[in-house]
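Trainee: Sharing a structure here in structure tokens format.
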Amino acid sequence: MTQPLLQQFAHDLQDCWQADYFRLRARLNRLAKNPDQKQLGQLQKAILKSKQFRENRSAALPDFTYPEALPVSENHKQIAEAIQRHQVILVCGETGSGKTTQLPKICLEAGRGINGIIGHTQPRRIAAQAISNRLAEELKTEVGKTVGFKVRFRDRSSSENLIKVMTDGILLAELQQDHWLNQYDTLIIDEAHERSLNIDFLLGYLKQLLRKRKDLKLIITSATIDAERIAAHFNDAPVIEVSGRTYPVEMRYRPLHDPDSDDDPLDLQQAIVSAIDELQKEGRGDVLVFLPGEGEIREASKTLRHLRDRMDILPLYARLPSAEQKRIFHPGGKTRVILATNVAETSLTVPGIRYVIDSGQARISRYSWRSKVQRLKIEKISQASANQRAGRCGRTGPGICIRLYNEDDFNNRQPFTEPEILRTNLAAVILQMVSIRLGDIEQFPFIDKPDARLVKDGYRLLRELQAVDDRKNLTATGKKLARLPIDPRLGKMLLAAEKTNAVTEVLAITTALAAQDPRERPQHKQQAADEKHARFRDEKSDFISLFNLWEYLEEQSEQLSHNALRKLCQKEFINHRRWREWHNLHRQLKLALKILIIKLNKEPADYAAIHRALLSGLLDQIGFKDKKFEYLGCRNQRFFIFPGSGLHKKPPKWLMAAEVTETTKVFARIVAGIQPQWIEQVGKHLIKHHSSEPYWQKSKARVGGYEKLTLCGLIVNPRRNINYAVVDPELSREIFIRHALVYGEWKNNLPVIQENRSLIEQVENLEARTRRRDILIDEQELYDFYAKMLPANITSGASFERWYKQNQNARKLKLDKNTLIREDARTVNVAAMPEIWRQDNLQLPLTYHFEPGSEQDGVTLKIPLSVLPQINETLTEWIVPGLIEEKILAHIRGLPKSVRKQFVPAPDFARVANERLKFGENNLLAELGKVLKQITGFEVKKPDWRTENLPLHLKMRFEVIDREGQ
DNA sequence: CTCTCCCTT
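Start counting the first sequence at 6; every next residue gets the next number (my numbering).
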């Protein structure tokens with residue numbers, strides 16, 4: 006019963022709308038395994054609805070023709086056939102061939118656009134919008150129906166569209182949601198030769214996708230010169246050449262230094278002057294001069310001052326105030342000389358140019374993975390770029406291009422400009438790739454594979470931003486960053502601002518950093534502009550300056566009409582268009598934050614809250630003022646504050662920079678003063694600790710030490726007190742055991758420690774009394790005893806106490822005397838060294854000290870002042886029994902030589918004499934004299950006895966104590 | 001101590 010029904014469904018699926026197909030097929034497969042009547046009914050409805058939708062699309066197919074004047078119209082049949090026959094084709098032809106607008110129509114002719122949408126991508130928003138308008142016009146419909154477009158901030162697309170024009174960035178963003186790009190049945194990637202980051206990523210991705218989606222067609226357009234490489238990347242896809250509708254351009258090479266002439270080489274400015282002279286002889290016509298940068302343009306406009314009454318000298322670069330840029334598109338009566346940067350090469354088309362002068366140079370942005378700095382150096386442009394420049398004068402009639410270099414130079418140049426992917430930081434691309442689980446980036450089929458070190462560096466930045474972990478997996482932060490349509494550094498600032506409660510301020514600032522600066526400085530009104538902008542300026546932070554500007558403009562835009570705001574912007578030197586961009590970006594990000602449930606703070610945030618959040622995205626762009634005006638940054642990089650900064654005159658000790666770029670010098674642009682402690686806190690995960698000097702910190706009963714903190718080589722804190730156990734628990738444990746337990750340098754109330762300590766003191770006292778060093782087991786043995794007993798995590802008094810209280814085993818730490826006394830010293834005669842001195846009824850304490858050479862060495866008798874007169878000094882001569890034999894020996898040895906020789910060997914005489922003496926009875930020397938005479942018959946005369954050279958420890962010391970115990 | 005190409009989610 007269900008089987009034929011399922012077959013019918015499978016058949017009907019073929020006629021469904023592409024975007025539904027895969028989803029419905031999956032549902033059908035599930036039901037085939039596990040049939041359910043109710044769900045089958047629902048599926049049937051869904052299939053019918055989708056079929057109907059597709060039929061509607063088919064019915065909406067408009068009639069169209071190809072404009073006869075366009076070259077591409079001649080080949081439309083050939084191209085349509087190629088599309089039907091191949092999955093990928095390349096169409097190349099120069100500008101003016103009409104390929105951009107006609108290709109979508111050719112796709113319709115080839116039957117595309119019904120099952121799914123024909124997606125057409127452009128590098129620039131303005132172009133996408135203009136092309137969709139043009140297409141809608143040619144197809145006699147309104148934008149938004151058959152033809153839609155979608156760019157940032159503006160979406161006029163829907164599933165009704167047969168053709169959807171968008172920026173390549175939009176297609177990439179859609180990839181995040183729909184990895185299969187199921188809503189499209191055809192994709193046209195236009196201007197692929199520009200090889201932007203977006204295009205290279207798309208072309209790599211599409212190569213993989215085409216294997217999985219055999220129904221998807223891909224058309225790539227490119228300049229002829231680049232076509233082969235791209236075709237090769239797509240398994241030698243066919244290349245269809247479409248002739249351009251351009252006029253011939255005569256090339257003239259006028260190098261600065263002519264090898265055939267003895268003249269001195271010209272400088273660039275002189276060369277421009279003579280080129281203009283030469284071209285004027287060819288007849289009237291506007292001139293477009295390509296120069297590397299603003300500086301050269303300013304200089305050239307000065308050099309060409311003398312031509313001003315005959316010609317309009319017009320600068321043209323991206324940052325040019327909008328009023329000045331408009332003059333380019335509204336020609337006056339005079340001949341125009343337009344001094345332009347690369348903007349005029351691709352982004353802007355200057356109408357009516359007859360002559361081009363090409364300096365052959367451009368500022369090229371290159372990111373150095375070695376120094377992590379972006380460089381903007383003047384370089385020689387490629388052949389492709391030079392040809393593009395020359396082509397700018399062949400659009401309305403034959404033109405002449407003067408190259409300020411020679412033909413050999415041209416022929417020796419690189420054929421193509423290096424694609425952006427080889428010379429930029431890849432963090433943002435990698436984040437997107439990881440987010441859509443593209444697997445190993447090394448395996449990704451890029452047309453030009455970026456250097457492994459560049460990929461590694463991109464991961465490095467993502468690690469620093471905590472977007473990926475050590476194993477290159479996306480973290481929770483990384484997932485959020487991938488969903489924010491902004492540079493990962495800036496996204497990170499926003500996420501950090503949630504924690505510091507400064508989202509409102511940081512949102513305004515990050516969007517300002519992502520957009521272009523709306524502040525204008527017209528060449529001749531710089532001072533006036535600076536004065537107007539001065540009131541927003543903050544002396545500590547350029548970021549705050551941006552926020553001040555934001556607040557002002559927001560307030561004004563709420564209060565004023567559109568026109569009034571425009572006028573205000575003009576008066577205040579604010580580029581209104583850029584302000585709109587900033588505002589739109591802000592709105593878009595605010596919405597994205599809302600989706601992530603990140604709330605904006607109502608209360609103003611303070612400086613620290615704002616800048617700590619900003620710092621989290623700029624941790625590798627910090628600097629320390631090392632010399633006057635010169636900063637030392639990460640990896641020993643030195644840099645200067647950009648002169649346009651509000652901090653330029655008052656440089657702070659520590660700063661962070663939104664950008665670090667090398668031009669004539671390494672400059673930090675948009676900077677703010679920071680506290681080094683913030684770096685320690687915000688950059689915790691990147692800080693390297695260099696610990697040193699562990700020591701026993703008696704007051705805290707732990708091991709203290711010091712550490713130096715560095716971040717990417719920069720010393721953030723030269724010397725910080727630390728708990729050493731955190732960095733080296735093993736060593737700390739050793740030090741703890743030695744000082745706290747072995748040496749007893751720990752005050753505490755734990756009985757086991759107290760008892761062990763007093764036991765050790767007893768044995769030490771024994772050593773003092775017996776004047777020996779070898780009774781107590783040595784320190785190492787005591788250390789080993791504790792080390793064996795203590796768990797590895799005991800590193801301080803506190804951790805010891807915790808363990809001791811919780812662990813019955815800890816009682817085993819109790820020492821006994823046998824453990825403490827060395828085996829060979831167990832038979833020490835202690836009685837001969839009494840601790841109490843007795844005289845009649847008097848009992849006084851005797852203390853012992855063993856430190857030869859010291860005043861305190863020997864035996865000390867403590868006598869209260871009150872009993873001092875009662876002390877029998879004669880008795881004290883006998884010192885203590887344990888020392889008397891040594892004292893006798895010393896006395897014998899102290900005798901004059903002639904006397905002394907009667908008692909050789911002296912130790913034997915001392916021993917025998919001692920045996921015969923009665924300890925403590927009468928005067929020691931008198932008794933000794935008697936005994937010696939008994940033994941030898943020799944009488945020692947009284948003056949021969951010397952007492953002054955006797956070692957100190959053989960004389961009783963007296964310590965008199967007054968009533969207060971002093 | 002003094003200045004920078006261009007895009008985009």
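Glycine included, each C-beta is placed from N, C-alpha and C at the ideal position.
Just how far apart, CA to CA, sit Ser801 and Pro734?
Mentor: Taking the straight line joining both Cα atoms gives about 10 angstroms.
Trainee: When the Cα of Asp25 is compared with those of Trp185, Gly124, Pro67, which residue comes out closest?
Mentor: It is Trp185.
Trainee: According to DSSP, simplified to helix, strand and coil, what is Glu114?
Mentor: Looking at Glu114 - three-state DSSP - the assignment turns out to be helix.
Trainee: Who are the near neighbours of Asn166 in its chain, counting only those whose CB is closer than 6 angstroms to its CB and skipping five residues on each side?
Mentor: Once the five neighbours on either side are set aside, the close Cβ partners of Asn166 are Ile122, Gly153.
Trainee: Is Glu920 buried or exposed, if buried means 16 or more other CB atoms sit within 10 Å of its CB?
Mentor: So Glu920 ends up on the exposed side.
Trainee: Given 8 angstroms as the limit, is there contact between the segment 189–198 and the segment 123–143, that is, 3 or more CB pairs closer than that?
Mentor: Yes, since at least three Cβ pairs between the segment 189–198 and the segment 123–143 fall closer than 8 angstroms, the two stretches touch.
Trainee: Are the beta-carbon atoms of Gly399 and Thr251 separated by less than 9 angstroms?
Mentor: Closer than 9 angstroms, so yes.
Trainee: Are the beta-carbon atoms belonging to Ala141 and Glu114 less than 9 angstroms from one another?
Mentor: Not closer than 9 angstroms, so no.
Trainee: Pick helix, strand or coil for Ser201, following the three-state DSSP scheme.
Mentor: Reduced to three states, the DSSP call for Ser201 is coil.
Trainee: Can we say the segment 479–486 touches the segment 433–441, given the rule of at least three CB pairs closer than 8 angstroms?
Mentor: Flag = yes, the segment 479–486 and the segment 433–441 touch.
Trainee: Kindly indicate the opening and closing residues of the alpha helix (DSSP H) around Gln42.
Mentor: Counting along the chain, the alpha helix (DSSP H) containing Gln42 begins and ends at 42–64.
Trainee: How big is the Cα-Cα spacing for Ile386 and Arg418?
Mentor: Rounded to whole angstroms, Ile386 to Arg418 spans 8 angstroms at the Cα level.
Trainee: From the DSSP output, in three-state form, read off Met316 for me.
Mentor: Of the three classes helix, strand and coil, the one that applies to Met316 here is strand, per DSSP.
Trainee: Can you check whether the CB of Phe578 is closer than 9 angstroms to the CB of Lys604?
Mentor: Cβ distance not < 9 angstroms, so Lys604 and Phe578 don't count as in contact.
Trainee: Residues bridged to Thr852 by DSSP?
Mentor: Per DSSP, Thr865.
Trainee: Please report the distance separating the alpha-carbon of Leu691 from that of Lys377.
Mentor: Distance between the alpha carbons of Leu691 and Lys377 is about 16 angstroms.
Trainee: Quick check: what's the CA-CA separation for Arg721 versus Glu350?
Mentor: In the sequence under discussion, the amino acid at residue 721 is Val, which differs from the Arg named in the question. Cα-Cα distance, rounded: 45 angstroms.
Trainee: What do you get for Thr879, buried or exposed, if any count of 16 or more other CB atoms within 10 angstroms of its CB means buried?
Mentor: Classification of Thr879: exposed, given that the 10 Å Cβ count is below 16.
Trainee: Thinking just about the alpha-carbon of each residue, which of Leu75, Thr952, Ser903, Pro67 is nearest to the one in Gly249?
Mentor: Nearest option by C-alpha distance: Leu75.
Trainee: State the CB to CB distance for the pair Phe158 and Asn641, rounded to an integer number of angstroms; the pair is presumed to be in contact (CB under 8 angstroms).
Mentor: With a Cβ gap of about 42 angstroms, Phe158 and Asn641 do not count as contacting.
Trainee: Between the Cα of Ile168 and the Cα atoms of Thr865, Gly718, Asn138, which residue gives the shortest distance?
Mentor: With distances taken between Cα atoms, Ile168 lies closest to Asn138.
Trainee: With distances taken Cα to Cα, identify the nearest neighbour of Pro857 among Ser327, Leu818, Gln767, His958.
Mentor: Out of Ser327, Leu818, Gln767, His958, His958 has the C-alpha closest to the C-alpha of Pro857.
Trainee: Could you check which residue in Leu11, Gln393, Leu293, Gln388 has the C-alpha nearest to that of Gln42?
Mentor: Selected option, being the one with the closest Cα: Leu11.
Trainee: Can you pull the DSSP bridge partners for Gln702?
Mentor: According to DSSP, which records beta bridges pairwise, Gln702 is partnered with Arg707.
Trainee: Less than 8 angstroms between the CB atoms is what I'm expecting for Arg315 and Asp363, so what's the real figure, rounded?
Mentor: Actually they are not in contact, since the Cβ atoms of Arg315 and Asp363 sit about 23 angstroms apart, beyond 8 angstroms.
Trainee: Buried or exposed: which applies to Leu596, given that a residue is buried once 16 or more other Cβ atoms fall within 10 Å of its Cβ?
Mentor: Under this definition Leu596 is an exposed residue.
Trainee: Once DSSP output is grouped into helix, strand and coil, what is the label at Ser162?
Mentor: Residue state, collapsed to three classes: coil.
Trainee: Let me know if Ile600 comes out buried or exposed under the rule of 16 or more other beta-carbons within 10 Å of its beta-carbon.
Mentor: When all chains shown are included, Ile600 counts as exposed.
Trainee: Quick one: what's got a C-beta closer than 6 angstroms to Ile407's C-beta in the same chain, skipping five residues either side?
Mentor: Taken in chain order, the residues that qualify are Arg257, Arg259, Ala280, Ile362.
Trainee: Taking three-plus beta-carbon pairs below 8 angstroms as touching, is the segment 740–758 in contact with the segment 802–820?
Mentor: Segments in contact, yes.
Trainee: Across the segment 332–349 and the segment 630–637, are there enough close Cβ pairs to call them in contact, namely three or more that are closer than 8 angstroms?
Mentor: They do not touch, by the three-pair rule.
Trainee: Just the Cα atoms here: how many angstroms apart are Gly934 and Lys902?
Mentor: If I take the Cα positions, the gap works out to 16 angstroms.
Trainee: With burial defined as no fewer than 16 other Cβ atoms inside 10 Å of the residue's Cβ, what is the status of Tyr210: buried or exposed?
Mentor: When all chains shown are included, Tyr210 counts as buried.
Trainee: Please state whether DSSP places Tyr210 in a helix, a strand or coil.
Mentor: Helix.
Trainee: How many Å lie between Arg674 and Gln366 at the Cα?
Mentor: Cα to Cα, the separation comes out at about 24 angstroms.
Trainee: Spell out a yes or no on whether the segment 619–630 and the segment 654–674 are touching, meaning 3 or more CB-CB pairs, one atom from each, closer than 8 angstroms.
Mentor: They touch, by the three-pair rule.
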